[in-house]
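I have placed the structure first, in the form of structure tokens, so that the comments after it can refer back to it.
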Amino acid sequence: MKAMGSHGGIEVNRMHCNLITPVPTSSQPAPAAASLKVKNSVDLKRKTVSLFEEYFSVRILDEALQCLEELKAPEYHSEFVKKAVSLALEKSPPCVEPLAKLLDHHLTKKVLTRANLTEGCISFGSLLDDIAIDLPKAPTNFGEIMGHLVLSGGLDFKLVFDVLKTMEDDYLEKTVFASVKRVVGLSPFGKDVLESQAADVSLCEHLF
Numbered sequence: 001m002k003a004m005g006s007h008g009g010i011e012v013n014r015m016h017c018n019l020i021t022p023v024p025t026s027s028q029p030a031p032a033a034a035s036l037k038v039k040n041s042v043d044l045k046r047k048t049v050s051l052f053e054e055y056f057s058v059r060i061l062d063e064a065l066q067c068l069e070e071l072k073a074p075e076y077h078s079e080f081v082k083k084a085v086s087l088a089l090e091k092s093p094p095c096v097e098p099l100a101k102l103l104d105h106h107l108t109k110k111v112l113t114r115a116n117l118t119e120g121c122i123s124f125g126s127l128l129d130d131i132a133i134d135l136p137k138a139p140t141n142f143g144e145i146m147g148h149l150v151l152s153g154g155l156d157f158k159l160v161f162d163v164l165k166t167m168e169d170d171y172l173e174k175t176v177f178a179s180v181k182r183v184v185g186l187s188p189f190g191k192d193v194l195e196s197q198a199a200d201v202s203l204c205e206h207l208f
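Taking full-length UniProt numbering, the leading residue of the sequence shown gets 1, the next gets one more, and so forth.
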């Protein structure tokens, strides 16, 4: 299906946003409901991957937003954030800023919540010890994503602290935190952010 308009004067393909299979009503047999729930979960993951593959290709924020809205699955949004981070960091080069812009856009439009961002980042962070084996730059890139979200207000250093606590390796904690702080520090208003959240920054630094 083609988009109605164009982006930067170039016509682009519209992102595919098919709705998920309807959830069965409570009047249906429990086994059937459980089976369809599993099917829906698989369908959501498949469509999430498709959504991000297309977003990372065409970088159209509103198209990606519409696709997420049409999934009509807010209970999946935290998992959506986790999967988004994972897919972004698997790219070569990693799609750090495009993902940060996407998550911030979805937060601004009130499709995602700060709780979704926090839970998604905590979930990803808890797996980072294993992920870093195959993706050595993942800790640095993950920290950069969180740094951008701290600057936009999607996260703060208290939430960064909660994410860091899920990691078993002190080196990973230090690497992720250093990236968060570096991205924040490079911003024109980064100094104000660091000073206003100095207590939580200090808590992070005392983890390693």
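For every residue, glycine included, the Cβ atom is placed at its ideal position computed from N, Cα and C.
Under the criterion of beta carbons closer than 8 Å, Asn-116 and Val-81 qualify as touching, at roughly 6 Å.
The DSSP-derived three-state label of Arg-182 is helix. By the Cβ rule, the region 185 to 201 counts as touching the region 152 to 160, because three or more pairs are nearer than 8 Å. Secondary structure note for Ser-187: it is in no alpha helix (DSSP H), with a DSSP letter that is neither H nor E.
Annotation for Ala-138: Leu-89, Ile-131 and Ala-132 place their beta carbon closer than 6 Å to its own, counting only its chain and skipping 5 residues before and after.
Taking 7 Å as the cut-off, the beta carbon of Gly-147 is found no closer than this to the beta carbon of Asp-104. Pairing Thr-140 with Thr-175 gives a Cβ-Cβ distance under 7 Å. In the assembly as shown, Leu-51 is a buried residue. Its beta-carbon has 16 or more other beta-carbons within 10 Å.
DSSP places Glu-70 in the uninterrupted alpha helix (DSSP H) bounded by 61 to 71. With 16 or more other Cβ atoms from the protein chains shown falling within 10 Å of its own Cβ, Phe-124 counts as buried. Across the structure, Leu-68 and Val-85 are spaced so that their CA atoms are roughly 15 Å apart. Taking every protein chain shown into account, the CB of Ser-179 has 16 or more other CB atoms within 10 angstroms, so this residue is buried. Distance from the Cα of Leu-203 is smallest, within the candidate group Ser-187, Val-163, Phe-189 and Asp-169, for Val-163.
Rounded to the nearest whole angstrom, the C-alpha separation of Val-42 and Lys-72 is 15 Å. Taking the Cα positions, Thr-113 is about 30 Å away from Asp-134. For Phe-124, the enclosing alpha helix (DSSP H) begins and ends at 114 to 125.
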